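First residue of the sequence shown: 1, per UniProt numbering; consecutive thereafter. Idealized CB from N, CA, C, for every residue including glycine. Note that the structure is a prediction, hence the values are computed from the model and not measured.
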Amino acid sequence: MHRSLRACRRLGRSAGLLLSRPPPPLPPAAPGRWIPAPPRAAMSSQEAFRIEYDTFGELKVPSDKYYGAQTVRSTMNFKIGGVSERMPVQVIRAFGILKRAAAEVNQDYGLDPKIAKAIVQAANEVAEGKLNDHFPLVVWQTGSGTQTNMNVNEVISNRAIEIMGGTLGSKKPVHPNDHVNKSQSSNDTFPTAMHIAAAQEVNEVLLPGLKKLQNALEGKSKEFSQIIKIGRTHTQDAVPLTLGQEFSGYVQQIKYGVARIESTMPRVYQLAAGGTAVGTGLNTRIGFAEKVAAKVAELTGLPFVTAPNKFEALAAHDALVELSGAMNTVACSLMKIANDIRFLGSGPRSGLGELILPENEPGSSIMPGKVNPTQCEAVTMVAAQVMGNHVAVTVGGSNGHFELNVFKPMMIKNVLNSARLLGDVCVSFTDNCVVGIQANTERINKLMNESLMLVTALNPHIGRFKAQKLLRTISK
């Protein structure tokens with residue numbers, strides 16, 4: 001046993017990783033010399049692994065990876081879905097922010113400053129996406145996200161050990177549980193990372209995309225304000241309105257969508273950190289939860305606070321269900337808007353043809369000259385996906401049993417997917433369709449002048465019965 005441990009240490013010293021290092025977006029860590037990962041020489045097959053242990057026994061860990069035995073065991077137990085189903089990088093980066101915040105707060109409570117400094121540097125690298133290759137776990141694992149929390153703990157621990165000149169896998173001088181996970185549990189760290197990731201995606205992708213679309217639609221509403229067209233109800237001719245008025249309805253839908261999303265965020269900004277295993281805060285210090293939330297707020301620039309009730313924060317994820325519900329409503333709005341625009345642009349000879357949509361690419365492999373409303377189609381597909389995501393999030397949110405919800409990874413995967421898809425498709429739809437829409441005034445005037453519904457304006461003068469009789473006469 002002693003020989004194998006010494007061999008493990010010798011193998012660990014040879015491990016390292018060449019990393020690209022863009023300028024860090026996070027505030028700098030406490031003063032100290034930054035130590036990059038050393039370059040790794042070519043390894044023989046025998047040196048390709050180091051031996052680590054968990055409570056179930058011995059495991060081979062790739063020598064060029066910072067993760068450890070618990071991560072390896074998870075990859076063995078959950079071979080589900082492949083690379084495309086890995087934990088979203090937004091969650092991993094959120095964990096980096098959380099672990100840095102916890103290390104800085106733990107230093108205030110007595111954690112060795114040298115250990116805290118190394119953890120902060122390693123956590124920064126995680127938060128900045130520099131160590132993404134060291135997070136192989138898929139979403140489909142334990143419903144609490146414990147294995148991903150330990151994946152993060154192991155990576156930060158081993159990178160911190162390397163920074164301090166130690167041996168990978170030795171858990172000295174930085175232990176993944178005792179130091180990186182100090183005053184924490186997977187049950188409060190994973191929901192905290194969920195909220196950080198969701199809040200960042202909403203603020204950085206979703207809301208900017210929606211507001212861009214809103215502004216573009218508002219511009220078109222003003223541009224079309226003097227164009228009178230025939231209205232349609234039940235897909236049949238109705239009374240006139242302006243094309244600008246029709247577009248103003250789309251503008252208001254998106255405005256309400258933005259307001260709905262923003263109204264959910266105060267609950268998303270509440271963090272579970274400090275609740276530990278079941279919400280009681282066992283193994284934390286007084287004030288730890290408040291200080292961690294304040295530190296996360298400082299690092300992200302978002303108004304995070306500690307959750308007022310940690311039992312709710314661990315056992316239920318109503319805040320994310322609420323956010324997903326608001327995104328589902330946005331998806332409904334986008335489905336209606338995109339369908340209206342593509343139907344109004346149908347043609348060019350035998351459709352409604354009231355709008356002229358930008359021609360972005362060939363539309364058919366067999367029909368020459370055909371161009372399709374592809375941006376509208378992309379919007380409607382995204383809307384359908386978001387609606388499906390919301391069903392999954394709803395099921396997950398309703399399955400919090402006793403003191404813990406165990407659908408966490410699935411829920412955050414779908415929430416992040418919805419936010420990203422909606423934000424991206426709003427930008428694509430705006431840039432490649434909405435800003436280039438033109439009114440086909442000739443076609444609009446023809447359809448309006450031929451519509452029999454103009455007779456409705458005679459109701460106040462001759463009464464509806466006589467107006468209807470007149471309509472039947474002139475329609476023959």
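DSSP-derived helix/strand/coil call for Glu322: Shown here, Glu322 sits in a helix according to DSSP, grouped into three states.
Quick one: measure Cβ to Cβ for Arg86 and Glu125, integer angstroms, because I've assumed they're closer than 8 angstroms. Taking 8 angstroms as the upper bound for CB-CB distance, Arg86 and Glu125 are not in contact here, some 18 angstroms apart.
Cα separation between Asn339 and Asn417? The straight-line gap from Cα to Cα measures roughly 22 angstroms.
Quick check: what's the CA-CA separation for Gln226 versus Gly244? Near 7 angstroms, if we compare the C-alpha coordinates of Gly244 and Gln226.
Tell me where the alpha helix (DSSP H) around Arg50 begins and ends. DSSP places Arg50 outside any alpha helix (DSSP H); the residue lies instead in the beta strand (DSSP E), whose first and last residues are Phe49 to Asp54.
Return the bridge partner residues of Thr242 from the DSSP annotation. Answer is Ile228.
How is Cys286 classed by DSSP in three states: helix, strand or coil? Per the sequence presented here, residue 286 reads as Ile, with Cys not at that position. Looking at Ile286 - three-state DSSP - the assignment turns out to be coil, as it is neither helix nor strand.
What separation, rounded to the nearest whole angstrom, lies between the Cα atoms of Asn177 and Val120? In a straight line, the C-alpha of Asn177 is about 15 angstroms away from that of Val120.
Which runs of the alpha helix (DSSP H) fall wholly inside the segment 106-163 and span at least 4 residues, in chain order? Within the segment 106-163, the runs of alpha helix (DSSP H) at least 4 residues long that lie entirely inside it are, in chain order, 113-127 and 146-163.
State the DSSP-derived secondary structure class of Gly57, mapped to helix, strand or coil. Strand.
Count the other C-beta atoms from every protein chain shown that fall within 10 angstroms of the C-beta of His179, then say buried if there are 16 or more, exposed otherwise. It is buried - the Cβ of His179 has at least 16 other Cβ atoms within 10 Å.
First and last residue of the uninterrupted alpha helix (DSSP H) at Ser428: DSSP places Ser428 in the uninterrupted alpha helix (DSSP H) bounded by Lys408 to Asn432.
Where does Gln184 fall in DSSP's three states? The answer is coil: DSSP assigns Gln184 none of H, G, I, E or B.
Nearest to Glu352 by CA position, among Gln236, Pro303, Ser183 and Gln214, is which residue? Note that residue 352 is Leu in the sequence shown, not Glu. With distances taken between Cα atoms, Leu352 lies closest to Gln236.
Any contact of the segment 251-260 with the segment 301-321, i.e. 3+ C-beta pairs under 8 angstroms? Result no; under three Cβ-Cβ pairs closer than 8 angstroms.
Residue nearest to Tyr66 in terms of C-alpha spacing, selected from Asn132, Asp54 and Val89: For the residues Asn132, Asp54 and Val89, the minimum Cα distance to Tyr66 belongs to Asn132.
From the DSSP output, in three-state form, read off Pro62 for me. Three-state DSSP puts Pro62 in a strand.
Where Met1 and Thr55 are concerned, what is the direct C-alpha to C-alpha distance, given to the nearest angstrom? Note that Met1 scores 41 on pLDDT, short of 50, meaning its location in the model is unreliable; the coordinates nonetheless yield the value given after this. Cα atoms of Met1 and Thr55: separation of roughly 16 angstroms, rounded to the nearest angstrom.
Does the segment 56-64 come close enough to the segment 106-115 to have 3 or more Cβ pairs within less than 8 angstroms? No: the two stretches stay apart, fewer than three of their Cβ pairs being nearer than 8 angstroms.
With H, G and I counted as helix, E and B as strand and the rest as coil, what does DSSP make of Gly81? In the structure shown, Gly81 falls within a coil segment according to DSSP collapsed to helix, strand and coil.
Opening and closing residue of the alpha helix (DSSP H) in which Pro208 lies: Per DSSP, Pro208 belongs to the alpha helix (DSSP H) from Leu207 to Glu223.
Quick one: residues in its chain with C-beta nearer than 7 angstroms to the C-beta of Gln90, no 5 flanking neighbours on either side, listed in chain order? Cβ neighbours of Gln90 beyond the five flanking positions: Ala197, Gln200, Glu201 and Leu416.
Ser63 and Arg50 closer than 8 angstroms at C-beta: In this structure, Ser63 places its C-beta atom within 8 angstroms of the C-beta atom of Arg50.
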